[in-house]
Every structure is written in structure tokens, then in C-alpha cells.
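Asks: Residue numbers (the numbering used here), protein chains in the order written: chain A, 27 to 342; chain B, 122 to 337.
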Amino acid sequence: MKHLLNAHDLSHEEAVLILDTAAEMETLTDRSVKKLPALRGRTVVNLFFEDSTRTRISFEAAAKRLSADVINFAAKGSSVSKGESLKDTALTLQAMGADAIVIRHSASGAPQQLASSGWVDGSVINAGDGRHQHPTQALLDAYTMRKHLRNNTGDLEGVKVTIIGDVLHSRVARSNVQLLHTLGADVTLVAPPTLLPVGVQTWPATVSYDLDESLPGSDVVMCLRVQRERMNEAFFPTEREFSLRYGFDSERLARLSDDVVVMHPGPMNRGLEIGDAVADSPQSVIVEQVANGVTVRMAVLYLLLGGGPADEGTPR
Amino acid sequence: MAQDARGSAAESSDESSDESATEPATEPADETAILDSSDLNRVLTRISHEILESAKGATDLVVLGIPTRGTLLAHRLAAKLSETEGVPVPSGSLDVTMYRDDLQLRPARALGHTDIPAQGIDGSTVVLVDDVLFSGRTVRAALDAINDIGRPAVVRLAVMVDRGHRQLPIRADHVGKNVDTKLGESVRVRLAEIDGVDEVVLVRNQPDPALTGGLL
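(1) Since M289 (chain A) is in the beta strand (DSSP E), which residue starts that stretch and which ends it?
(2) For the beta strand (DSSP E) that F74 (chain A) lies in, which residues bound it at each end?
(3) Kindly indicate which three-state DSSP category V326 (chain A) falls into: helix, strand or coil?
(4) Taking C-alpha atoms, which residue in A:E40, A:H34, A:L31, A:L45 lies nearest to N318 (chain A)?
(5) Answer with yes or no whether the minimum CB distance from R230 (chain B) to chain A is below 8 Å.
(6) Please tell me whether A164 (chain A) and L31 (chain A) are closer than 8 Å, where the distance is taken between their beta carbons.
(7) Using the three-state DSSP reduction, which class does E171 (chain B) fall into: helix, strand or coil?
(8) Apply the 10 Å Cβ neighbour rule to L62 (chain A) and answer buried if 16 or more other Cβ atoms are within range, or exposed otherwise.
(9) Can you give the beta carbon distance from R277 (chain B) to L249 (chain B), rounded, assuming they're within the 8 Å contact cut?
(10) Taking all protein chains shown into account, do 16 or more other C-beta atoms lie within 10 angstroms of the C-beta of G248 (chain A), making it buried, or fewer, making it exposed?
(11) Tell me which residues share the same chain as A179 (chain B) and place their Cβ nearer than 8 Å to its Cβ, disregarding the 5 neighbours each side in the sequence.
(12) Need the endpoints of the alpha helix (DSSP H) that S269 (chain A) sits in, please.
(13) Is the Cβ of Q288 (chain B) closer than 8 Å to any Cβ of chain A?
(14) Taking Q315 (chain A) as the reference, give the member of A:A211, A:S93, A:Y169 with the closest Cα.
(15) Name, going along the chain, the residues of the segment 119-132 of chain A whose beta-carbon falls closer than 8 Å to a beta-carbon of chain B.
(16) Counting only beta-carbon separations shorter than 8 Å, does P145 (chain B) have a partner in chain A?
(17) In the DSSP assignment, the alpha helix (DSSP H) including K201 (chain B) goes from what residue to what residue?
(18) Along the segment 225-259 of chain B, what residues have a CB closer than 7 Å to any CB found in chain A?
(19) What's the gap between the Cα of V288 (chain A) and the Cα of A217 (chain A)?
(20) Going along chain A, which residues have a C-beta under 7 Å from G213 (chain B)?
(21) For V324 (chain B) and V310 (chain B), what's the separation of their Cα atoms in angstroms?
(22) So which of A:L209, A:P308, A:G273, A:L279 has the shortest CA-CA distance to M346 (chain A)?
(23) Are there any heavy atoms of the ligand ZN lying less than 7 Å away from the beta-carbon of R190 (chain B), as far as the coordinates show?
(24) What did DSSP end up calling G103 (chain A) once you bin it into helix, strand or coil?
(25) Since I believe R66 (chain A) is in contact with S93 (chain A) (beta carbons under 8 Å), could you give me their beta-carbon distance rounded to a whole number of angstroms?
(26) In chain A, which residues lie less than 9 Å from I270 (chain B) when you measure between Cβ atoms?
(27) Name the two residues that bound the continuous beta strand (DSSP E) containing E320 (chain B).
(28) How long is the line joining the alpha carbons of V226 (chain A) and L194 (chain A), rounded to whole angstroms?
(29) Could one say the Cβ of Y169 (chain A) lies closer than 8 Å to chain B's Cβ atoms, at least one of them?
(30) Does the CB of P63 (chain A) have a neighbour CB from chain B at under 8 Å?
(31) Comparing the C-beta of M281 (chain B) with each C-beta of chain A, is any distance below 8 Å?
(32) DSSP three-state label for M51 (chain A), please.
(33) Chain A beta carbons: is any one of them nearer than 8 Å to that of D216 (chain B)?
(34) In chain order, which continuous runs of the beta strand (DSSP E) of length 3 or greater are located wholly inside the segment 231-292 of chain B?
(35) Could you tell me which residues DSSP puts in a beta bridge with Q159 (chain A)?
(36) Which same chain residues, not among the five before or five after A262 (chain B), have their C-beta less than 6 Å away from its C-beta?
Right under this line is the structure:
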């Protein structure tokens, strides 16, 4: 595995290996020296064409804890705002000797383009592209679920996950459905018909329009952010109606078991897709998701960059 | 694959597999017994007494094994130490994969388990345990790993087999058995917990590269 572009590229074994590696990385958080030498001398470039707080910081922290050198590139304030193309930007980074490029882009498929074009030699890690994929988010969500429901070992066989809200614009939902399916979980997507993509019937998930019908029995409830910035038309009549029918509020939480795990990829619209009290409830692991993001990204960086080339026989 | 990867990483502490890739072995394995189960137990008992002698008791002792077989030996050693002295002796596991100097020479490998006793290692006498001492590179990596975890007062090295051919200025304080080996041979320590039997053997021809994992 050289690149991480899509959640569905991961086999069951690879996904579990990443989660197991992350579990070992987590022991680092108890140490006085929070640093491992595995990526010493490697350069990781964070190439962010789209705004991000937690993903960029999380990748930066992960790379630094593995002793890599990190270069942060934000499109704003760079030559991209003068009209430089992705290709020229990539060639510049290649000339600087990037061993891995972590890319976020508003265009679906930009990471794939970067990985397959031959512009760069290093690994390409997709940190979110348009409405398409966000594989490390899916991995950190799976890791968080495994920690709470499966004692942090094995896979997620039989875990019932309900994902609510703006599936249409959500790369998190796409990646999660694929990875959770690979790991054996049962996924239900709940959204108004206008916020479900064409072809959702072919996804390995159950689709429902009725939240109250779908919630009972859920082990995990994941709320998705309503992505106003990607909405250029009306997808629901009013926010109040959306939150009444699809908002995960305290009343709905109270009807579930106390062990239910409440997740949100952030940033949250409190009071819209998730109730204020729910976000701060004991069942909410939203802050922990951020912490797990660092360990999971360390595991991904280590497994992609930590070794040498695979196909040179067995070097002595 | 995860299980396999773990299994082969487990072999990584066995430095004897190091040279297995140098010749494409075609002849069947040729094994010579070095220690049997009761020898192995007696050796562990002797090492535990040596440790107590040099440390003047079991206070502040922490036994850390290098996965996978070093960890098992560390647990057995700690049990013997606490039995002899009547005080609990903590034991744990120290994975050195990310500290190795040959990381970039192979594809990324699965990590072993690290489990440091809760009280930490600051100021204590750490006994580092591995099954086979060969090039010394694993021990060097382990010393770096210890450095990131804390500052022990003393670090000692105990190994079941010292097979020579050191590439670094490292020596063991407690050795179960010194074995003269050729570079093309390998020493295999088998433990009941994972191999079903306690024994140490010298292997002349490696029939199956998968057995050695091709790992250092």
C-alpha cells in the first residue's frame, strides 16, 4: 500500500492492521517524551486547498510525533491564488523532496489525480476531496467505535451504526459506509430524500427517511454536519423542520441505551443536526474523536512511510 | 494479514533470522538441540539468581522483554525473581520496531506490543531480556526506546543465547548459553506459550523463508 485515497481500497486485514497499529501508537500519549523516531528525515507536506482546522492540525501533530519534518501549505496566500495549477504546485513540492503529500481539495478526485499522474514520487494521503472521500476520518471513527464497543481489538462485526443527516454532501458518510461495511458493521443512513445522493441504494447500507423508526437498537449514532457552504439551493424547507425531523436531540438520546456512542465529525451546527445537550452528554465522544484522529493518522503515516520499497527482494 | 504481520514482527526480536535471506535454502532444515525444556528452566533460574546477586535484591527491579519471545522470557524471569525474594517484581514488554536502524530497508512492519509497568522505570534497575543476542542492533534500538520512556538508574541485559557476530559494542550481563555459530546458521528459541514446546535449537538450513519472516 503506497497511497491512501479511498476507504474502499482497504481490505479487512489492512483496516484492522491500521487500527491495531493505532492502538500501539496510543500508548505514546502516556509517555513523558511524546515522540517516536520512525519517520526521522522524512518530509510530509500538508497541501490544503480547502479550509480545515482539525484535520490539518491532526496530520501535523501525527507527523511531528513520528519525527517527520512537516511543511504546511495553505492555498490562501500561496501562488495558487495567483492561478498556479495543481500540477505546477505538485512539481514544486516534488522538487523539494516531499516523501508524503497530505492533500485536501474541494474537487473530488484531486488526490487520485495527484497519485496517478506521475507528478510526485511520494505517498499521497487523501485528507478529504470534495464530496468524495475522507478515509482517515472513517478510520478514526472506526477506531473510536472499536475502543468503546469492542475493547479495542478485532473488527466491528455486528455493530449497528446509524448515520444521520446530510449524506449527499458528506465525504465522511461515503468513507464511513465503505470502511464500516468492510469491518462488518451494519450501517443505516437516515436523511431526507433531498439529502441522499443518487445511487445510494447501491451502497452497502440500509437507507431510511424516518429517524425515530431507525434509532432503536443503535450502538452508535453519528450525526453529519449540514454543509451549508456546499448548498446552493433549498434541500429542506426550514432549519426548524430539519432539526425536528432529523436532529438528534436529548429526547431522542433518552430513548436509547446509556451505552450508546454519539459521534460527530465536526465542526458541529449545535441545535441543527445535533442537540446542544447531546453534544455535551456523557455518551458523546466527539472530543475523543479528535484525539483518536492523531493516533490513527500516526498509524497511517507509519505504515505508508515507515518502511522502504516493498519489491526489492529481501534485503539483508 | 494482520495476524500474519504480527506473527512475523514477533520474530523480529530473533536476530538469528537475519542472514536467512542470503542463500536460497533448498536442503531440508537441519536442527541441533542446544537446550531442552528442563535446561531452559534451569538456565532461567540461574539468571534470576545472578540478577538478584548483582542488584542486591529485587527492590526497584523492572524486567522488560523485547517482543515476542523476549517478553515471554521476561514474564517467566520476573515470576522467578518474585518467588525467590518474596516481593512482586514488575515485568513488561518493550517494542523496538520504530527504533530500528533498518526500518527503511524493508516495507513497514507491524508493531509489537509495548506495556511498561504502571510505576514507570525512572530510577529503577531495568533488566532487558531478549531470546538471542546476535548483531546487537536490537539491543541498541531498545536502549534508545528506554531513553524515551524514562531514566533508569541501571540497565542490564539478559539473553537466553549469545551467538556471537556482534556488529556493535554491546555485551550481555547475563547469558543463558554461549553458542558458537556460523553466519549462515540461525538459533531459534521456542517457548511453550507460542511454539508449544520449550527448547533452543541451532538451525543449519532454512527451508521456509516464511518461517523466518525475512526480518532482522
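No residue lacks a Cβ here, since even glycine has one placed at the ideal position from N, Cα and C.
Replies: To lay it out plainly:
(1) Along the first sequence, one-based indexing puts residue 289 (chain A) at 263. From DSSP, the beta strand (DSSP E) with M289 (chain A) extends over 287-289.
(2) Within the first sequence, numbered from 1, the residue matching residue 74 (chain A) stands at position 48. That run of the beta strand (DSSP E) goes 69-74.
(3) On the first sequence, residue 326 (chain A) is found 300 positions in, with the first residue counted as 1. Note: V326 (chain A) maps to helix in three-state DSSP.
(4) Translated into positions along the first sequence, residue 318 (chain A) becomes position 292. If we check each option's Cα against that of N318 (chain A), A:L45 comes out closest.
(5) Translated into positions along the second sequence, residue 230 (chain B) becomes position 109. So, interface residue.
(6) Position 138 of the first sequence, counting from 1, holds the residue named residue 164 (chain A). Position 5 of the first sequence, counting from 1, holds the residue named residue 31 (chain A). No.
(7) Translated into the one-based positions of the second sequence, residue 171 (chain B) becomes position 50. Three-state DSSP puts E171 (chain B) in a helix.
(8) Position 36 of the first sequence, counted from the first residue, corresponds to residue 62 (chain A). Counting Cβ neighbours within 10 Å, L62 (chain A) comes out buried, since at least 16 surround it.
(9) Position 156 of the second sequence, counted from the start, is the residue given in the question as residue 277 (chain B). Position 128 of the second sequence, counted from the start, is the residue given in the question as residue 249 (chain B). That pair is a contact at about 7 Å.
(10) Looking up residue 248 (chain A) in the first sequence gives position 222. Looking at the sequence provided, one finds Met at residue 248 (chain A) rather than Gly. By the 10 Å Cβ count, M248 (chain A) comes out buried.
(11) Locating residue 179 (chain B) in the second sequence gives position 58, counting from the first residue. So the qualifying residues of the chain are L173, L202, S203, T205, E206, V208, V210.
(12) As a position in the first sequence, residue 269 (chain A) is number 243, starting the count at 1. Note, S269 (chain A): alpha helix (DSSP H), 265-272.
(13) Along the second sequence, one-based indexing puts residue 288 (chain B) at 167. No, no contact with chain A.
(14) Counted from its first residue, the first sequence places residue 315 (chain A) at position 289. Nearest of A:A211, A:S93, A:Y169 to Q315 (chain A), Cα basis: A:Y169.
(15) Of all residues in the segment 119-132 of chain A, none has a Cβ within less than 8 Å of some Cβ in chain B.
(16) Translated into positions along the second sequence, residue 145 (chain B) becomes position 24. In this prediction, P145 (chain B) scores a pLDDT of 46, lower than 50, which makes its location untrustworthy; the coordinate-derived value is nonetheless stated afterwards. Taking Cβ atoms only, chain A never reaches closer than 8 Å to P145 (chain B), which makes this a no.
(17) Mapped onto the second sequence, residue 201 (chain B) falls at position 80. Where K201 (chain B) is concerned, the enclosing alpha helix (DSSP H) starts and stops at 190-206.
(18) So the close ones are Q225, L226, R227, P228, A229, R230, A231, L232, H234, T235.
(19) For the purposes of this step, residue 288 (chain A) is taken as residue 262 along the first sequence, with counting starting at 1. For the purposes of this step, residue 217 (chain A) is taken as residue 191 along the first sequence, with counting starting at 1. Those two C-alpha atoms are separated by around 17 Å.
(20) If you number the second sequence from 1, residue 213 (chain B) lands on position 92. Near G213 (chain B) there are no residues of chain A at all, since even the closest Cβ is about 11 Å away, more than 7 Å.
(21) Against the second sequence, residue 324 (chain B) aligns to sequence position 203. Against the second sequence, residue 310 (chain B) aligns to sequence position 189. Rounded to whole angstroms, V324 (chain B) to V310 (chain B) spans 11 Å at the Cα level.
(22) Residue 346 (chain A) lies beyond the stretch modelled for chain A, which goes from 27 to 342, so this question has no answer here.
(23) Of ligands this structure carries none, so the ligand ZN is not represented either.
(24) In the first sequence, the residue the question calls residue 103 (chain A) occupies position 77. G103 (chain A) falls in the coil class under three-state DSSP.
(25) Residue numbering aside, residue 93 (chain A) sits at position 67 when the first sequence is read from its first letter. Residue numbering aside, residue 66 (chain A) sits at position 40 when the first sequence is read from its first letter. 4 Å between Cβ atoms; contact.
(26) For this step, residue 270 (chain B) is matched to residue 149 along the second sequence. The answer, in chain order, is R57, S58, V59.
(27) Indexing the second sequence from 1 puts residue 320 (chain B) at position 199. Here the beta strand (DSSP E) through E320 (chain B) covers 320-324.
(28) The sequence position of residue 226 (chain A) within the first sequence is 200, counting from 1. The sequence position of residue 194 (chain A) within the first sequence is 168, counting from 1. The alpha-carbon separation between V226 (chain A) and L194 (chain A) amounts to approximately 9 Å.
(29) Along the first sequence, one-based indexing puts residue 169 (chain A) at 143. Cβ-Cβ to chain B under 8 Å: no for Y169 (chain A).
(30) Position 37 of the first sequence, counting from 1, holds the residue named residue 63 (chain A). Yes, P63 (chain A) lies at the interface with chain B (some Cβ there is under 8 Å from its Cβ).
(31) Here residue 281 (chain B) refers to the residue found at position 160 when the second sequence is read from its first residue. No, because no Cβ of chain A sits closer than 8 Å to the Cβ of M281 (chain B).
(32) Within the first sequence, residue 51 (chain A) is the residue found at index 25, counting from 1. In the structure shown, M51 (chain A) sits in a helix (DSSP, three-state: H, G or I).
(33) Taking the first residue of the second sequence as position 1, residue 216 (chain B) is located at position 95. Output row for D216 (chain B): interface = yes.
(34) Counting only runs of 3 or more, we get 246-254, 275-283.
(35) Here residue 159 (chain A) refers to the residue found at position 133 when the first sequence is read from its first residue. According to DSSP, Q159 (chain A) bridges with A:D155.
(36) Position 141 of the second sequence, counting from 1, holds the residue named residue 262 (chain B). Around A262 (chain B): V217, Y220, R221.
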